[in-house]
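Have a look at the structure below before the remarks.
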Amino acid sequence: MRRPTLAQQLHRLVLTVGLVLVACSAPPYDEQTDRLISALQYDVDSQIVMLLSLDRKIAELATANNDIARKALAEARARAGYDANAAFYDKLDSQLTSLRLRVDALPTEATPNIDRAIDDLRANLLTGEGSLRSVHQKQGILGEAYLRNERRLLNAQFQALLSYELVLKAGAGIGKK
Amino acid sequence: MAIDWSNIGSAVEQAVASVVGADWAIVAPAAKAQLTALVEIAQAIEAERDQMSAAEYNGLRLSQQRALEGVLSSYAAISIVVAEQAAAAAWNVVAQALKTAYPALSFL
Chain U
1 MRRPTLAQQL HRLVLTVGLV LVACSAPPYD EQTDRLISAL QYDVDSQIVM LLSLDRKIAE
61 LATANNDIAR KALAEARARA GYDANAAFYD KLDSQLTSLR LRVDALPTEA TPNIDRAIDD
121 LRANLLTGEG SLRSVHQKQG ILGEAYLRNE RRLLNAQFQA LLSYELVLKA GAGIGKK
Chain H
1001 MAIDWSNIGS AVEQAVASVV GADWAIVAPA AKAQLTALVE IAQAIEAERD QMSAAEYNGL
1061 RLSQQRALEG VLSSYAAISI VVAEQAAAAA WNVVAQALKT AYPALSFL
């Protein structure tokens, strides 16, 4: 029997977590919450894709030996560095706060689980040890291998939240915690 | 020498089950996908070990552990402390495998 791919495994995980998040009560579907999660996911993914693209450009230009290429290399390095991207992390902070406020505005029995999922996401993006921001700050320029794997991990977390919203939209309520 | 990952998955599951105890049967269906994802990330780390810094390795390790903790602690029977211990035990198995295969790897 073929082993499931990582994408398949993550998909299953996401569905499971989505169902667990719905938990013992089914709060009403909130379009604004859905939009906030989607916007946050898009912003994070776009930023990682931009950083990956800059990494490739830096690698291409690394062996350059003329002034134009050296200037382009310096510019790419500056754009990939933490300082040039600090405003992005500040924006994420605000987006995560808006999302949590929106979710907490109408508390249900499922709210603590959703709050925890948002807090885990915040920890992995901004505040936790080894978060995307802290690694970026420590290292200056993030490596391609790290970015690819971090992108995969973060998108799995977003998918769990989006699955939760989709389950609510479908009007389902599944009991557990 | 490359790591034989075929046995690592079951060793990771055993490590988590021994921390979680009797509640493992309840949480296993949801957690198994996360455990597989953890092992796959570890495989990616092995494949790209020469392009990864200590900070990046630790970032991936901690993100993965938090993701597993999130799945485990969403079940009423499992406390956050137990979830953290189980996630650490899971990563310890893959870290040991990496250390054994690549003792000179600086970030382990």
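These protein sequences, in sequence, are chains U and H.
Here this note's numbering is used: the first residue of the first sequence is 1, the next is one more, and so on.
Here this note's numbering is used: the first residue of the second sequence is 1001, the next is one more, and so on.
Where is the CB? At the ideal position from N, CA and C, for every residue including glycine.
Computed from a predicted model, the values in this text were never measured in an experiment.
Buried/exposed call for residue i, threshold 16 Cβ in 10 Å
i	result
Gly171(U)	exposed
Glu150(U)	buried
Ala145(U)	buried
Tyr1057(H)	buried
Arg1061(H)	buried
Ile68(U)	exposed
Ala1030(H)	buried
Tyr164(U)	buried
Ala86(U)	exposed
Lys1032(H)	buried
Leu106(U)	exposed
Val167(U)	buried
C-beta neighbour in chain U for residue i, strict 8 Å
i	result
Ala1044(H)	yes
Asn1058(H)	yes
Ile1003(H)	no
Glu1048(H)	yes
Ser1106(H)	no
Ala1067(H)	yes
Leu1072(H)	no
Ile1041(H)	yes
Ser1053(H)	yes
Leu1062(H)	yes
Simplified DSSP state of residue i, which is helix, strand or coil
i	result
Trp1005(H)	coil
Tyr29(U)	coil
Tyr1075(H)	coil
Leu168(U)	helix
Leu142(U)	coil
Glu129(U)	coil
Ala62(U)	coil
Integer Cβ distance of residue i from residue j, believed to fall under 8 Å
i	j	result
Gln1064(H)	Trp1091(H)	7 Å
Ile1008(H)	Ala1067(H)	18 Å between Cβ atoms; not a contact.
Asp34(U)	Gly143(U)	With a Cβ gap of about 33 Å, Asp34(U) and Gly143(U) do not count as contacting.
Leu51(U)	Arg102(U)	At roughly 28 Å, the Cβ-Cβ gap does not stay under 8 Å, so Leu51(U) and Arg102(U) are not in contact.
Ala1077(H)	Val1016(H)	Ala1077(H) to Val1016(H), Cβ: 14 Å. No contact.
Leu1038(H)	Val1094(H)	7 Å
Gly81(U)	Gly140(U)	5 Å
For residue i, the first and last residue of its enclosing alpha helix (DSSP H)
i	result
Ala1104(H)	Per DSSP, Ala1104(H) belongs to no alpha helix (DSSP H) and is neither H nor E.
Asp120(U)	Thr111 to Arg122
Ile68(U)	Asp67 to Ala80
Gln1051(H)	Looking at the DSSP string, Gln1051(H) is not in any alpha helix (DSSP H), and its letter there is neither H nor E.
Leu106(U)	Leu106(U) -> no alpha helix (DSSP H), and no H or E assigned at all.
Min CB distance residue i to chain H below 8 Å
i	result
Gln210(U)	Since the first residue shown for chain U is 1 and the last is 177, residue 210(U) is missing from the structure and cannot be characterised.
Gly143(U)	yes
Ala156(U)	yes
Ala62(U)	no
Glu165(U)	no
Lys138(U)	yes
Val44(U)	no
Leu153(U)	yes
Gly130(U)	yes
Asn124(U)	yes
Asp120(U)	yes
Ala117(U)	yes
Tyr82(U)	no
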